[in-house]
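Student: Structure provided below as structure tokens; questions to follow.
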Amino acid sequence: MGKDIRKCNERQRFFFIFTSVHLVTSSWREYNSISHKMGVELRRKIWSLKFSPFKMDTKNATRESVLKGSFAGLPPRRKKAVRIFLSSTFTDMKEERNYLMSETFPRLKDYCQKNYKLEFQVVDMRWGIQDRANDDHSTPELCMREIHNCQKESLGPNFVCFLGNRYGTRYLSKFILDEHWNVLMPYIQSGETKALLEEWYKLDTNSEKHRRILQPVSSKYNTSKTEEKEKWWKESSAMYDSLKDAAVEARYVGLLSEKDAHTFLRSVTEEELDRAGLLTDEQCENREKCLAFIRNISNADSINVTEEKAGKFLDIESKKIDKERQDFLAELKEKVKKNLPFENIKEYSVQWLENQTKNGLTFQGQKGYLENFGEDFFNQVKTLIDRAAVIEAESFSDIYEEEVSQEAVSHLKQAEHRLSNFVGRKAILDEVESYVTGNSQHPLVVYGNSGCGKTSVMAFAARETSKWLPDSSVILRFLGTTQSSSDIEHLLRSLTAQIMRLKFNSTCTDADNLQGKSLQELTDVFHTELEDYDKYGHACPLAVFVDSVDQLADNVMAYNLSWLPVVLPPKIKFIISTLPHAHGICESASTLGIPMRNFVKVEELDEKSALEIVDEWFSKSKRKMSEKQRPLLIDAFKHQKVTPLYIKLVFDIIKGWSSFQKACSIPETVSDCMDHLFTTLENTHGKSQVQLALAYLSCCPGEIGETELEDALSLDEDFLNEVYQYHLPPIRRIPPTLWIRMRNDIRDYLVERDSHGVTAQFWYHRQFREFADKRYGGKSGANTTKCLSVLCEYFTNMWSGDTAKPFKYGKVQIDRLKVKNPPTPQKRLVVPQPTRYNDDRHRFNTRKIIVLGKLWTSDALKEQVFQNSSAYLMDIEFLTGKFVVDSWKNIETEFVQLKDYMRQQLTGKAKVALSNKEVYFTEFCYIHAVLKMYNGLISRAPLSLPSQLFACLQDKYSEDRLPNLSWFLAQLTSGKGIEVCPFLPVAKTLESPGGMQLRSRLHISPESMLSFTYKNKPTVAVCSEQIVLYTLEDNGEISEQTLATPDRKPHCVKFFSIGEKENYLVGCANRFVLISLDNNRIECNECPSAGTLLYASMTIVRFRYRALQSINLT
71 MGKDIRKCNE RQRFFFIFTS VHLVTSSWRE YNSISHKMGV ELRRKIWSLK FSPFKMDTKN
131 ATRESVLKGS FAGLPPRRKK AVRIFLSSTF TDMKEERNYL MSETFPRLKD YCQKNYKLEF
191 QVVDMRWGIQ DRANDDHSTP ELCMREIHNC QKESLGPNFV CFLGNRYGTR YLSKFILDEH
251 WNVLMPYIQS GETKALLEEW YKLDTNSEKH RRILQPVSSK YNTSKTEEKE KWWKESSAMY
311 DSLKDAAVEA RYVGLLSEKD AHTFLRSVTE EELDRAGLLT DEQCENREKC LAFIRNISNA
371 DSINVTEEKA GKFLDIESKK IDKERQDFLA ELKEKVKKNL PFENIKEYSV QWLENQTKNG
431 LTFQGQKGYL ENFGEDFFNQ VKTLIDRAAV IEAESFSDIY EEEVSQEAVS HLKQAEHRLS
491 NFVGRKAILD EVESYVTGNS QHPLVVYGNS GCGKTSVMAF AARETSKWLP DSSVILRFLG
551 TTQSSSDIEH LLRSLTAQIM RLKFNSTCTD ADNLQGKSLQ ELTDVFHTEL EDYDKYGHAC
611 PLAVFVDSVD QLADNVMAYN LSWLPVVLPP KIKFIISTLP HAHGICESAS TLGIPMRNFV
671 KVEELDEKSA LEIVDEWFSK SKRKMSEKQR PLLIDAFKHQ KVTPLYIKLV FDIIKGWSSF
731 QKACSIPETV SDCMDHLFTT LENTHGKSQV QLALAYLSCC PGEIGETELE DALSLDEDFL
791 NEVYQYHLPP IRRIPPTLWI RMRNDIRDYL VERDSHGVTA QFWYHRQFRE FADKRYGGKS
851 GANTTKCLSV LCEYFTNMWS GDTAKPFKYG KVQIDRLKVK NPPTPQKRLV VPQPTRYNDD
911 RHRFNTRKII VLGKLWTSDA LKEQVFQNSS AYLMDIEFLT GKFVVDSWKN IETEFVQLKD
971 YMRQQLTGKA KVALSNKEVY FTEFCYIHAV LKMYNGLISR APLSLPSQLF ACLQDKYSED
1031 RLPNLSWFLA QLTSGKGIEV CPFLPVAKTL ESPGGMQLRS RLHISPESML SFTYKNKPTV
1091 AVCSEQIVLY TLEDNGEISE QTLATPDRKP HCVKFFSIGE KENYLVGCAN RFVLISLDNN
1151 RIECNECPSA GTLLYASMTI VRFRYRALQS INLT
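All residue numbers for the sequence shown refer to this note's numbering, where the first residue is 71 and numbers rise by one.
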């Protein structure tokens, strides 16, 4: 093999070496270190191959601005999803939408995940709508909001419309401006209808522009009763017809503009198209991201309109075609064709067949209409996704691909969101400004009770620092809101890396070397970098803001502030915030020597300040309170100091009050306000549904993505049986509108953040998290256990793809819908969660691996994991992924938690009943021991894990008493083991767990590396000067013999045996030295390093794919 390589040209040899390194190293950091030892020239070549040269353009300027903490010109948030709003009429497009749901959407989900690691989401407000959704008439308003969200959040396509031969439903407006009302009323001819309008539409003077509000249907009728539902439809039809006719007459005489009058005539579909920008003549950049599918019935004029099914496909009124609506439809289609790019439109012609069953349609006489439609939809959407992905990669990809700048922009974005409603706090801000501009060389400690507004103060101060200190840089962290700010080690790495970037103004820093350092080492580096930053003559002043230190993961050194520099360099300012009595943080700060003048308390607000804030918010929202309602607000703030969180909760309650609404009491505490919020949510959307949905939100480790939540609810049979009490769905999934409506009612209390590549959502304040967890979650509640089990099934792919999930109907469904158990299992169309993506880079699914680790160590699932340890814990691909995406500290913590639980369960129990568990425990301990022994090596080269495990445990391969471990080791020789690492040790070459060190008498330098062997085998040590063989003699003495003097520092040494020979392979920068011991005879052979596949992390191996039996070293 070495001879073959020498025949290759330079480029081929380079690719061979690069591929070999990539196979046995797990990260760019590992490779970067090795490539340096292989020579600067080779490193340059690989760098230029892996990364194109950076150009100083606007992207770099934006990145540098972000790293300096500037709020000006922040890049848009990186889009992690393709989110499409589906607009169509209801009954005539039912088959198309169902076909897409079952056939096309799963393909697009898979395509987005595999190619771009994107979520694919569809907002179909027509599918699964229930009567409750129509009760408050807010569905059209919610549709408009979701169109806006799709435009803002989607990468690529965001709006797709289906237009057939129906113009669609026209509806009563929920809001009518009072000035329009006064114009229309004189044209209402029927006194009875006018009385109905006065009854249903109430005047609200609390809005800036007075308006009439349509009351909920349930305020008068119970629509679950057929006769009352028919009364509502009769009354609503009469009111709509009267308002429509009045609007036409008012427009005719010039009292209403054509645009205002048309709002009383148009359908929901037209309003959606208008909101998406498809109908206006003005230029709209969003049109490039919209698609239209138009289906025309060619023989529509010959349809018998008296047939019941004809009304599903045509606008029919009194058994006649509604000409007005058909004219509106024709105009709508013309505008869409005119404004959308030609390639974004697909048009179909179909024929109506009188005797056709099901939907009455056929595609030009063929049966493949739906298949062709689905394929066109897939290709059109795919094209827009591909185009957008290229543009996204060329815009701000360098900012989001670099960990330091990605972390910085994430916190700046959070601050920007926090400041959207920030008002007041001048006194406390003056104190912070005085510190920032003053001469104090100690940190500033901002403290206050939960909900008092510390985070907003920190955000505002960070933004204003550039004004207080011109040309200054700002580093901002809201602890616990990102993965890199969740614990003290990640925080120090993140802060240090950003300081390095500011200091050197370059992407090439020593930040990668921070990995693997202890907390004390990180602290020392952090302090050193702060001092070095101050020494640079060109360095600007630097202010570091660290909010909510009490939110750091439980760690004594985090809370005692030993990492915090007590005496700061002159150009550095350091501000932290915390709760006053959490973990003794304030006491620690005082003990360290921070003077009391550097402690600033954020006080609660008095009545006057609270009322000023509320009035300011009312002004921004263009609303107010009536004179009868205002005293209730004053009483709520009277004689007590209130927190901004309480003010926010109270404002969200009262801002929805109408002037005609009876005055209600205002909750007195934050807890009471939260109880009011969740009770209202349960009354609106159903108690059981809200409880289950928010249980998942509260129980999922860390946070949960929107797609993950919808998929989890679609696997929850209790939730689905609660939803589908009146009809059975075409596909057993939750209607997308359910969570959208719930989320809309609590949107101000949720935050979105990146969580391992997924845009996840969670409560924005700790008090919400605590309250929701107590109400819906808890560590051991029934809801919690069930939710965590469902999430475990979801992330382990139990029901993804074509796997149908069994279920049973609930009692209500059996009685009401006359169904029987057991029904046929149904697919749930959930997003697959592979451990490793099947793409060009074979990336590990970080999200799955991290979340599953936390799920398995939760109290609710430990027993389930114990009983199925072979399925959960003995997956070589998953274990390798853990070392690739997670730290050894976290891995060790999870193993120890499970191990302690297993040991506790076995203690004092009868052996007969727990024999299987004892086996599981023994096998688990073997794997844990190997990982613990070799974690340093595996952490540096995670893809070598299969080889390391096989080298240690090969003698356990066929032991009948450990069947699961034997099965686990068998994975290494086939399937996933080969996919992870195509190398296999020839023999057992590493010591198994269980032994102990007998003696150590080697006097070697700290740079030395040893080949640790077992029993009485000799040991080789390599250092920068020599290669030495150490042998333990029979008399207990250790002899040493110098074997070679390398011209360059060796960087690896490995022991292996072939037959009776004992061999050591020593790797240097430019060659390998093979040392063979045979009956006390020593042989040394050398070869160029380019001619071998052996590296620091590998024992002598057999390359499976090529059946390599030996290494050519000549």
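Backbone N, C-alpha and C define an ideal beta-carbon position, used for all residues, glycine too.
Since the model is a prediction, treat every value here as computed from it, not as a measurement.
#1: With a 10 Å radius around its C-beta and 16 neighbouring C-beta atoms as the bar for buried, classify Ser337 as buried or exposed.
#2: Suppose contacts are defined by Cβ-Cβ distances below 8 Å. Is Val193 in contact with Phe155 by that definition?
#3: Would you grab the beta carbon distance between Phe682 and Gly523 for me? Rounded to a whole angstrom, and I think it's under 8 Å.
#4: How big is the Cα-Cα spacing for Ser327 and Ala320?
#5: Please return the same chain residues whose Cβ sits closer than 6 Å to the Cβ of Lys264, not counting the five positions on each side in sequence.
#6: Report back the beta-carbon spacing between Gly880 and Ser825 to the nearest angstrom; my notes put them in contact at under 8 Å.
#7: Who are the near neighbours of Ala58 in its chain, counting only those whose CB is closer than 6 Å to its CB and skipping five residues on each side?
#8: Please state the DSSP three-state secondary structure of Cys360.
#9: What's the gap between the Cα of Phe832 and the Cα of Glu822?
#10: Using CA coordinates, which residue listed in Tyr271, Phe363, Ser1017 is at the minimum distance from Leu1042?
#11: Are there three or more Cβ pairs, one per stretch, closer than 8 Å when the segment 851-863 is compared with the segment 758-769?
#12: Can you give me the Cβ contacts of Ile736 inside the same chain, cut-off strictly under 8 Å, excluding the 5 residues immediately before and after it?
#13: Leaving out five residues on either side along the sequence, give the residues of the same chain with a beta carbon under 6 Å from the beta carbon of Phe914.
#14: Nearest to Val637 by CA position, among Asn625, His597, Ile655, is which residue?
#15: Which runs of the beta strand (DSSP E) spanning at least 3 residues fall entirely within the segment 605-653, listed in chain order?
#16: Identify, in the order they occur along the chain, each residue of the same chain with its Cβ nearer than 8 Å to the Cβ of Phe865, setting aside the five sequence neighbours on each side.
#17: Please report the distance separating the alpha-carbon of Leu562 from that of Gly726.
#18: Please list the terminal residues of the continuous alpha helix (DSSP H) segment that includes Tyr439.
#19: So Arg547 and Ser555 are supposed to be a Cβ contact under 8 Å. How far apart are they, rounded?
#20: What does Ser928 pair with, by DSSP beta-bridge criteria?
#21: Our contact map puts Gln934 next to Ser870 with C-beta atoms below 8 Å; I'd like the distance itself, whole angstroms only.
#22: CB-CB under 8 Å to Lys641, same chain, minus the five flanking residues each way: which ones, in chain order?
#23: If distances are taken between C-alpha atoms only, which option among Ser312, Ser224, Asn276, Ser277 comes closest to Glu262?
#24: Could you check whether Val544 and Met528 sit closer than 8 Å to each other, using their CB atoms as the reference points?
#25: Pairs of beta-carbons, one from the segment 373-388 and one from the segment 156-173, closer than 8 Å: are there three or more?
#26: Considering only residues of the segment 826-861, which uninterrupted alpha helix (DSSP H) runs meet the minimum length of 4 residues and lie entirely inside it, listed in chain order?
#27: Excluding the five sequence neighbours on either side, which residues of its own chain have a C-beta within less than 8 Å of the C-beta of Glu599, listed in chain order?
#28: I'd like the list of long-range same chain contacts for Arg153, defined as Cβ closer than 6 Å, with 5 residues on each side in sequence excluded.
#29: Sorted by chain position, which residues of the same chain lie with C-beta nearer than 6 Å to Leu514's C-beta, five sequence neighbours on each side aside?
#30: Ala830 and Ile774 - do their beta-carbons sit closer together than 8 Å?
#31: DSSP on Ser728, reduced to helix/strand/coil?
#32: By the three-class DSSP mapping on this structure, what secondary structure does Thr339 have?
#33: Could you say if the segment 437-452 and the segment 353-366 meet the contact criterion of at least three C-beta pairs nearer than 8 Å?
#34: So, for Gln621: in the same chain, excluding its five sequence neighbours on each side, which residues have a beta-carbon less than 6 Å away from its beta-carbon?
#35: Run the CB neighbour count on Phe730, radius 10 Å, all protein chains shown included, and call it buried at 16 or more, exposed below.
#36: Return the chain-ordered list of same chain residues with a C-beta closer than 6 Å to the C-beta of Glu752, the five sequence neighbours on each side being excluded.
Tutor: Based on what the coordinates show:
#1: buried
#2: Cβ atoms of Val193 and Phe155: closer than 8 Å.
#3: Phe is not the amino acid found at residue 682; the sequence shown has Glu there. The Cβ separation is near 14 Å, so there is no contact.
#4: 9 Å
#5: Ile258
#6: Contact doesn't hold; Cβ gap of about 33 Å is too wide.
#7: The question about residue 58 has no answer, for the chain in this structure spans 71 to 1184.
#8: strand
#9: So the two alpha carbons sit approximately 7 Å from each other.
#10: Measuring C-alpha to C-alpha distances from Leu1042 to each of Tyr271, Phe363, Ser1017 identifies Ser1017 as the nearest.
#11: As far as the Cβ criterion goes, the segment 851-863 touches the segment 758-769, which means the pair count is three or higher.
#12: Within the same chain, Leu702, Leu703, Asp705, Ala706, Val720, Ile723, Ile724 come within 8 Å of Ile736 by CB-CB distance, once the 5 residues on both sides are set aside.
#13: Non-local beta-carbon contacts of Phe914 in its own chain, meaning distances under 6 Å to residues more than five positions away in sequence, involve Arg906, Gly951, Val954, Val955 in chain order.
#14: His597
#15: Whole beta strand (DSSP E) segments, 3+ residues: 612-617, 642-648.
#16: Gln903, Lys918, Val921, Leu922, Leu925
#17: 44 Å
#18: 439-465
#19: 5 Å
#20: Partner(s): none; Ser928 has no beta bridge.
#21: About 19 Å separates the two Cβ atoms, so there is no contact after all.
#22: Tyr603, Asp604, Ala609, Cys610, Pro611, Leu612
#23: For the residues Ser312, Ser224, Asn276, Ser277, the minimum Cα distance to Glu262 belongs to Ser312.
#24: Not closer than 8 Å, so no.
#25: yes
#26: 836-846
#27: Answer for Glu599: Thr566, Ile569, Met570, Lys573, listed in chain order.
#28: Gln191, Cys220, Glu223, Ser224
#29: Tyr505, Ile645, Asn668
#30: yes
#31: coil
#32: helix
#33: yes
#34: Leu549, Gly550
#35: exposed
#36: Val760
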